[in-house]
Structure formats: structure tokens, C-alpha cells
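Residue numbers (my numbering): 2 to 81.
We put the beta carbon where it would ideally sit given N, CA and C, even for glycine.
Below you'll find the structure, written out as C-alpha cells, and then a few comments.
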Amino acid sequence: MEALHLVVGPQGTITTLYDETLDLATLGRVSIARASHVEPDPLGGWLADLSPVDGPLLGPFTHRSEALQAERDWLLRSRL
Numbered sequence: 002m003e004a005l006h007l008v009v010g011p012q013g014t015i016t017t018l019y020d021e022t023l024d025l026a027t028l029g030r031v032s033i034a035r036a037s038h039v040e041p042d043p044l045g046g047w048l049a050d051l052s053p054v055d056g057p058l059l060g061p062f063t064h065r066s067e068a069l070q071a072e073r074d075w076l077l078r079s080r081l
């Protein structure tokens, strides 16, 4: 199990990757936005498209789980 990462900004705004480990509503008003799309490519591989947050297109990966992990790793490294 991976740790939940919460980043608290100077105005008290919390940024995190969505996770059901913690009921985020207990921290205040919640706003959820998509950061990426993990979809199959025409050749049967998997791509993690991070363009919604001005990020790269990652892949192709053989397995969807690999694309999901790459997506998570990039978001943690680049956005949190």
C-alpha cells in the first residue's frame, strides 16, 4: 500500500491524488479534477495521457497497471 500524499498550500488548499483511504470531505469542500486519461492505443498497448495538466504522453505500456503506475509516479514527481 502506498502512502497518501497531501500538499497543503499557503491558503490552506490541499492537493492530493484521489484515493479512498481518507474521506476528503472531512477536510473541507472537495473539488476533483481529472489529471490524465489512461486508454488503450490502436496496437493494444496502454497510454497515460497527462495533457489535462500540461504533462506528457507516457507509453505505450504492455499492461494497463503499468500505465496507471507511470501516471501516478509522474503526478507525484511533477505535481505534488
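If you look at A49, you'll find it in the beta strand (DSSP E) that goes W47 to D50. Taking every protein chain shown into account, the CB of V31 has fewer than 16 other CB atoms within 10 angstroms, so this residue is exposed. A Cβ-Cβ contact shorter than 8 Å links H38 with D50. Note on the segment 49-79: whole alpha helix (DSSP H) runs with a minimum of 4 residues are 65-79, in chain order. When only Cα atoms are considered, I15 and T22 end up about 15 Å apart.
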